[in-house]
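Following this note's numbering, the numbering of the sequence shown begins with 55 at its first residue and continues without gaps. Built from N, CA and C at the ideal position, the CB exists for glycine as well.
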Amino acid sequence: MLEVSTEITRGDFSLSVGFVSDARITCLFGRSGSGKTTVADMVAGLVRPRHGRLTLDGEVLFDSQTGVSVPVWQRRIGYVFQDARLFPHLSVAGNLLYGARRAGDRSPPLEAVAALLGLKPLLGRRPGTLSGGEVRRVAIGRALLTRPRLLILDEPLSGLDGARRSDILPYLDRLAREGPPILYISHAVEEIARLADRVVLVGEGQALDGGSPQEAFDRPGAEAAAGLSAPLSILEGRVLGHDLAGQATRIDLAGTQFLAPLLEVVPGDRVRIVVDARDVALALTDPVGASFQNRLPMRVVALDVRTDGVLVRLDAGGLALKALVTRQASEQLGLEPGGTVIALVKATAAARYV
55 MLEVSTEITR
65 GDFSLSVGFV
75 SDARITCLFG
85 RSGSGKTTVA
95 DMVAGLVRPR
105 HGRLTLDGEV
115 LFDSQTGVSV
125 PVWQRRIGYV
135 FQDARLFPHL
145 SVAGNLLYGA
155 RRAGDRSPPL
165 EAVAALLGLK
175 PLLGRRPGTL
185 SGGEVRRVAI
195 GRALLTRPRL
205 LILDEPLSGL
215 DGARRSDILP
225 YLDRLAREGP
235 PILYISHAVE
245 EIARLADRVV
255 LVGEGQALDG
265 GSPQEAFDRP
275 GAEAAAGLSA
285 PLSILEGRVL
295 GHDLAGQATR
305 IDLAGTQFLA
315 PLLEVVPGDR
325 VRIVVDARDV
335 ALALTDPVGA
345 SFQNRLPMRV
355 VALDVRTDGV
365 LVRLDAGGLA
375 LKALVTRQAS
385 EQLGLEPGGT
395 VIALVKATAA
405 ARYV
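What follows is the structure, encoded as structure tokens:
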């Protein structure tokens, strides 16, 4: 369990941090420059808070009142920086083993880590011959071989194109299941939705517990913190099967079947679906001949009038969904709390095991 209650001031920048998490992946989420890396640096011991207390698995790493400040090398925290920092003159195997050997570990689990991250075919190569995604995986493997009790990943997908990001995400999924707890830094909504168990919202000089991804993105300040142009809904469901002809995956969402783009998952897997509120249309009756394949009968819970329209909060047996419609559409449909509608959804799917 990670417990942080600290304050830090660096020049004109001040940050108050307060959160507790025992999640497999805790995500520090906010815009660039909000202080995410500063929080991670405090946890790792690279910067010293002005005052406060920080503990990991019950061990006090920093306490301004008692004067405790455990050095970086004694915290057993692996840190993977954005620039990877591999040694160009060493092979992949040499880079992987570097930290473990310096720590005096005579039997680091190289084979297991290489298998976990798909690095076995790369062990004899040099960093200059690797793709961006492969370099990130090697950097993660090097940190894992130091046997950390917490792994910090600072924007591990930044600078990667779509294909390289897609290549590395399955390994992060596997790492979430089989590796140590992770403190994950990102400003990308799709990464948070796919990977996070718990979200710490960083912005406005604070880093505070936002709860699960669903709870975090439902908070009033989440849109501004994330730089979103519309609210999001994050839905959890279970895979029913695939429609290969239609290139779609069938997912059960609280008893309702939902079609998502074809995913590399198997029946029974749990997944998350991310839905932009602008991608939800509403109808009073099920329309004929519409292109929307996802038609969800739902009840109107609340209406929030905004400058960009009306945010309609919907529910169906615990399945919560948001739709952003124009004021004119809201009036024409006669929307009001307690009313029933058909939510027509086109969604971008982000899958992970949960």
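(1) Among the candidates 189, 109, 333 and 336, whose CA atom is the shortest distance from the CA of residue 9?
(2) Looking at the secondary structure, which residues open and close the alpha helix (DSSP H) in which residue 189 lies?
(3) Comparing C-alpha positions only, which one of 122, 225, 262 and 352 sits nearest to residue 308?
(4) If distances are taken between C-alpha atoms only, which option among 385, 334, 262 and 237 comes closest to residue 135?
(5) Give a yes or no on whether 8 Å exceeds the smallest Cβ distance from residue 369 to chain D.
(6) Let me check you understand the geometry: is the CB of residue 158 closer than 7 Å to at least one non-hydrogen atom of the ligand SAH?
(7) Residue 360 by DSSP, collapsed to three states: which one?
(8) Between the Cα of residue 232 and the Cα atoms of 129, 301, 170 and 385, which residue gives the shortest distance?
(9) Determine which residues share a DSSP beta bridge with residue 296 and list them.
(10) Can you tell which of 81, 120, 256 and 391 has its C-alpha closest to the C-alpha of residue 366?
(11) Within the segment 108 to 134, note down every full beta strand (DSSP E) run reaching 3 residues or more, in order along the chain.
(12) In chain order, which continuous runs of the beta strand (DSSP E) of length 3 or greater are located wholly inside the segment 233 to 263?
(13) When the Cα of residue 91 is compared with those of 173, 78, 193 and 260, which residue comes out closest?
(14) Keeping to the same chain, check which residues put their C-beta closer than 8 Å to that of residue 139; ignore five residues upstream and five downstream.
(15) Look at residue 354 and residue 389 and say whether their C-beta atoms are less than 8 Å apart.
(16) Specify the secondary structure class of residue 146 as computed by DSSP and reduced to three states.
(17) Consult DSSP for residue 157 and reduce its assignment to one of helix, strand or coil.
(18) Can you tell me whether residue 63 is buried or exposed, with buried defined as 16 or more other CB within 10 angstroms of its CB?
(19) What is the DSSP secondary structure of residue 137, reduced to helix, strand or coil?
This is what the structure gives:
(1) In the structure displayed, the chain extends from 55 to 408; residue 9 sits before or after that span and is not available.
(2) From DSSP, the alpha helix (DSSP H) with residue 189 extends over 186 to 198.
(3) Per the C-alpha coordinates, the member of 122, 225, 262 and 352 positioned closest to residue 308 is 352.
(4) Nearest neighbour of residue 135 by Cα position, chosen from 385, 334, 262 and 237, turns out to be 237.
(5) Among the protein chains of the structure shown there is no chain D, as only one such chain exists.
(6) As presented, the structure is devoid of all ligands, the ligand SAH included, so that no description of it is given.
(7) Residue state, collapsed to three classes: strand.
(8) Among 129, 301, 170 and 385, the Cα nearest to that of residue 232 is on 170.
(9) Answer is 303.
(10) Nearest of 81, 120, 256 and 391 to residue 366, Cα basis: 391.
(11) Counting only runs of 3 or more, we get 113 to 117 and 131 to 134.
(12) The qualifying runs are 236 to 240 and 252 to 257.
(13) Among 173, 78, 193 and 260, the Cα nearest to that of residue 91 is on 260.
(14) Contacts found: 193.
(15) Cβ distance < 8 Å, so residue 354 and residue 389 count as in contact.
(16) Here residue 146 sits in helix by DSSP.
(17) Note: residue 157 maps to coil in three-state DSSP.
(18) Classification of residue 63: exposed, given that the 10 Å Cβ count is below 16.
(19) Note: residue 137 maps to coil in three-state DSSP.
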